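J.: There's a structure below that I have some questions on.
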Amino acid sequence: MLLTEDVLPTGRVRCSFDEDLPRVAMTGEVDMDTDPQFDAAYAELSGRTPTHVVVDLAGVTFLSCAGLAFMARLNVLLGRTGHRVWIVSPSRASARVLGLTGFAWDTDLPVAASA
-5 MLLTEDVLPT GRVRCSFDED LPRVAMTGEV DMDTDPQFDA AYAELSGRTP
45 THVVVDLAGV TFLSCAGLAF MARLNVLLGR TGHRVWIVSP SRASARVLGL
95 TGFAWDTDLP VAASA
(Lines of atoms letter the chains of each structure in order from A and count residues from 1; the text may use other names and numbers.)
(Lines give C-alpha, C1' and ligand atoms only; values in the text may rest on other atoms or scores of the structure.)
Protein backbone atom coordinates (compact mmCIF):
# COMPACT_ATOMS: atom_id res chain seq x y z
CA MET A 1 0.00 0.00 0.00
CA LEU A 2 1.33 3.42 -0.94
CA LEU A 3 0.96 6.24 1.53
CA THR A 4 -0.42 9.49 0.22
CA GLU A 5 -0.96 12.90 1.74
CA ASP A 6 -4.66 12.22 2.11
CA VAL A 7 -4.09 9.33 4.54
CA LEU A 8 -5.53 10.40 7.87
CA PRO A 9 -3.40 10.17 11.00
CA THR A 10 -4.23 7.23 13.22
CA GLY A 11 -3.86 9.28 16.39
CA ARG A 12 -6.62 11.43 17.77
CA VAL A 13 -6.72 14.29 20.28
CA ARG A 14 -10.06 15.41 21.70
CA CYS A 15 -10.93 18.07 24.27
CA SER A 16 -13.97 17.92 26.51
CA PHE A 17 -15.06 20.26 29.27
CA ASP A 18 -17.14 18.19 31.67
CA GLU A 19 -17.50 19.29 35.29
CA ASP A 20 -15.44 22.46 34.72
CA LEU A 21 -12.23 20.41 34.43
CA PRO A 22 -10.90 20.28 30.88
CA ARG A 23 -9.92 16.84 29.66
CA VAL A 24 -7.69 15.98 26.71
CA ALA A 25 -8.03 12.38 25.53
CA MET A 26 -5.35 11.00 23.25
CA THR A 27 -5.98 7.76 21.39
CA GLY A 28 -4.21 5.64 18.80
CA GLU A 29 -0.75 6.37 17.43
CA VAL A 30 0.17 9.81 18.72
CA ASP A 31 3.01 11.16 16.59
CA MET A 32 3.97 14.16 14.46
CA ASP A 33 0.95 13.57 12.21
CA THR A 34 -1.13 14.50 15.25
CA ASP A 35 0.50 17.96 15.53
CA PRO A 36 -2.41 19.86 13.90
CA GLN A 37 -4.75 18.33 16.48
CA PHE A 38 -2.36 19.33 19.28
CA ASP A 39 -2.30 22.89 17.93
CA ALA A 40 -6.11 23.01 17.86
CA ALA A 41 -6.38 21.59 21.39
CA TYR A 42 -3.75 24.04 22.69
CA ALA A 43 -5.59 26.98 21.12
CA GLU A 44 -8.89 25.81 22.58
CA LEU A 45 -7.43 25.33 26.06
CA SER A 46 -5.39 28.55 26.08
CA GLY A 47 -8.50 30.56 25.25
CA ARG A 48 -10.32 29.42 28.39
CA THR A 49 -10.08 30.45 32.03
CA PRO A 50 -6.98 28.77 33.49
CA THR A 51 -7.53 25.58 35.45
CA HIS A 52 -5.91 22.18 35.82
CA VAL A 53 -6.17 19.98 32.71
CA VAL A 54 -6.50 16.19 32.74
CA VAL A 55 -4.66 14.35 29.95
CA ASP A 56 -6.04 10.83 29.49
CA LEU A 57 -3.62 8.43 27.82
CA ALA A 58 -5.68 5.23 28.20
CA GLY A 59 -6.25 4.79 24.47
CA VAL A 60 -2.71 5.53 23.29
CA THR A 61 -1.03 2.72 21.34
CA PHE A 62 2.10 4.73 20.44
CA LEU A 63 3.41 7.95 21.99
CA SER A 64 6.14 9.99 20.29
CA CYS A 65 7.95 13.11 21.40
CA ALA A 66 5.15 15.11 19.72
CA GLY A 67 2.78 14.03 22.50
CA LEU A 68 5.38 14.78 25.16
CA ALA A 69 6.00 18.22 23.65
CA PHE A 70 2.27 19.01 23.72
CA MET A 71 1.99 18.06 27.40
CA ALA A 72 5.12 20.07 28.28
CA ARG A 73 3.89 23.14 26.37
CA LEU A 74 0.49 22.88 28.03
CA ASN A 75 2.10 22.49 31.46
CA VAL A 76 4.15 25.68 30.91
CA LEU A 77 0.99 27.58 29.91
CA LEU A 78 -0.91 26.36 32.97
CA GLY A 79 2.04 26.83 35.30
CA ARG A 80 1.89 30.59 34.76
CA THR A 81 -1.32 30.62 36.81
CA GLY A 82 -0.38 27.93 39.32
CA HIS A 83 -2.23 25.16 37.49
CA ARG A 84 -0.89 21.97 35.95
CA VAL A 85 -1.44 19.01 33.69
CA TRP A 86 -2.60 15.78 35.33
CA ILE A 87 -1.72 12.65 33.34
CA VAL A 88 -4.21 9.84 34.01
CA SER A 89 -4.70 6.23 32.92
CA PRO A 90 -1.51 5.85 30.90
CA SER A 91 -1.71 2.88 28.54
CA ARG A 92 1.11 0.38 28.61
CA ALA A 93 2.68 2.06 25.55
CA SER A 94 2.47 5.58 26.97
CA ALA A 95 3.59 4.51 30.45
CA ARG A 96 6.66 2.94 28.89
CA VAL A 97 7.58 6.17 27.08
CA LEU A 98 6.92 8.26 30.20
CA GLY A 99 9.12 5.90 32.22
CA LEU A 100 11.94 5.56 29.70
CA THR A 101 12.22 9.29 29.11
CA GLY A 102 11.66 10.29 32.72
CA PHE A 103 9.27 12.85 31.25
CA ALA A 104 6.68 12.95 34.01
CA TRP A 105 9.36 13.16 36.67
CA ASP A 106 11.58 15.68 34.86
CA THR A 107 8.63 18.01 34.35
CA ASP A 108 7.05 17.28 37.75
CA LEU A 109 3.80 16.16 36.10
CA PRO A 110 1.63 13.95 38.28
CA VAL A 111 0.70 10.56 36.80
CA ALA A 112 -2.31 8.65 38.12
CA ALA A 113 -3.26 5.07 37.30
CA SER A 114 -6.87 6.09 36.63
CA ALA A 115 -9.06 9.15 36.50
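Following this note's numbering from start to finish, the sequence shown increments by one per residue and tops out at 109.
The beta carbon of each residue, even a glycine, is placed where N, CA and C say it ideally should be.
In this text, all values refer to a predicted model and were calculated from it rather than measured experimentally.
Classify Asp50 as helix, strand or coil using the three-state DSSP reduction.
T.: The answer is strand: DSSP assigns Asp50 an E or B state.
J.: Per DSSP, Trp23 is paired with what?
T.: Going by the sequence as given, residue 23 is Glu instead of Trp. DSSP output for Glu23 lists Phe56 as bridge partner(s).
J.: Give me, in chain order, the residues of the same chain whose beta-carbon lies closer than 7 Å to that of Thr(-2); leave out the 5 immediate sequence neighbours on both sides.
T.: Confidence at Thr(-2) is low in this model, with a pLDDT of 48, below 50, so its placement is unreliable and the value that follows should be read with caution. Cβ within range, chain order: n/a, list empty.
J.: Hey, how far is the Cα of Arg74 from the Cα of Thr4?
T.: Computed Cα separation, rounded: 32 Å.
J.: Suppose the cutoff is 7 Å on Cβ atoms and the five residues either side in sequence are ignored; what does the same chain contact list for Glu23 look like?
T.: Excluding sequence neighbours, Glu23 sits near Thr4, Gly5, Thr55, Phe56.
J.: Tell whether a beta-carbon distance below 8 Å holds between Val79 and Leu68.
T.: For Val79 and Leu68, yes; Cβs fall inside 8 Å.
J.: Measuring only the C-alpha atoms, how far is Phe97 from Pro30?
T.: Approximately 22 Å, taken between the alpha carbons.
J.: For Ser85, list the residues DSSP reports as bridge partners.
T.: Beta-bridge pairing links Ser85 to no other residue.
J.: Take Arg42 as the anchor and find which of Thr21, Ala63, Leu71, Leu92 has the nearest alpha-carbon.
T.: Ranking the options by Cα distance to Arg42, first place goes to Leu71.
J.: When you compare only the Cα positions, how much space is there between Phe11 and Gly93?
T.: Between Phe11 and Gly93, the C-alpha separation is close to 28 Å.
J.: Compare the beta carbon distance of Val49 and Val91 with 8 Å and say whether it is the shorter of the two.
T.: Going by C-beta atoms, Val49 is not nearer than 8 Å to Val91.
J.: Can you give the Cα-Cα distance for Thr45 and Phe32, rounded to whole angstroms?
T.: Thr45 and Phe32: Cα-Cα distance of roughly 18 Å.
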